[in-house]
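To convert, note that position 36 of the sequence shown is 35 in numbering that gives the first Met the number 0; the numbers rise steadily by one, no gaps.
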Amino acid sequence: MAKRLGVSPATIGLDRQALRLGRVLKRPEQRSFRGLGLDQVRDRLKVVSRAQLARELGVSSSAVYRYCGKVGLSRP
């Protein structure tokens, strides 16, 4: 998954740790989700559903919905 999205597995691991600790990562346009930038998440959601994105990233769908709500990202 990391390779397909162009990010390193280490970046995804670090972001997972930040999510577990409940940290808010920077301003909405700079927040990342499991190593993905806002633009990458937006582009991926044009192709797959939020539930599918959650499965691909190994997180709950509610985590994806929360992230999208925090950054003001609605499904296109």
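We treat Cβ as the ideally placed atom computed from N, Cα and C, and that holds for glycine. Treat the numbers as computed from the prediction; the structure is a model and nothing was measured.
For Gly68 and Val58, the rounded distance between their alpha carbons
For this step, residue 58 is matched to residue 59 along the sequence shown. For this step, residue 68 is matched to residue 69 along the sequence shown. Straight-line Cα distance between these residues: approximately 16 Å.
Is Ala50 near Ser60, with beta carbons less than 8 Å apart?
As a position in the sequence shown, residue 50 is number 51, starting the count at 1. As a position in the sequence shown, residue 60 is number 61, starting the count at 1. Cβ atoms of Ala50 and Ser60: closer than 8 Å.
Starting from the C-beta of Leu52, find all residues in its chain whose C-beta is less than 6 Å away, skip the five residues before and the five after it, and write them out in chain order.
Indexing the sequence shown from 1 puts residue 52 at position 53. Closer than 6 Å at Cβ, skipping near neighbours: Arg43, Val63.
Does DSSP put Lys69 in a helix, a strand or coil?
For this step, residue 69 is matched to residue 70 along the sequence shown. The answer is helix: DSSP assigns Lys69 an H, G or I state.
Contact check, Leu35 vs Val70, beta carbons under 8 Å
One-based indexing of the sequence shown puts residue 35 at position 36. One-based indexing of the sequence shown puts residue 70 at position 71. Going by C-beta atoms, Leu35 is not nearer than 8 Å to Val70.
Helix, strand or coil: how does DSSP classify Val47 here?
Taking the sequence shown and counting its residues from 1, one reaches residue 47 at position 48. Correct three-state label for Val47: coil.
Pick helix, strand or coil for Val58, following the three-state DSSP scheme.
The residue you call residue 58 lines up with position 59 of the sequence shown. Secondary structure at Val58: coil, using DSSP grouped into helix, strand and coil.
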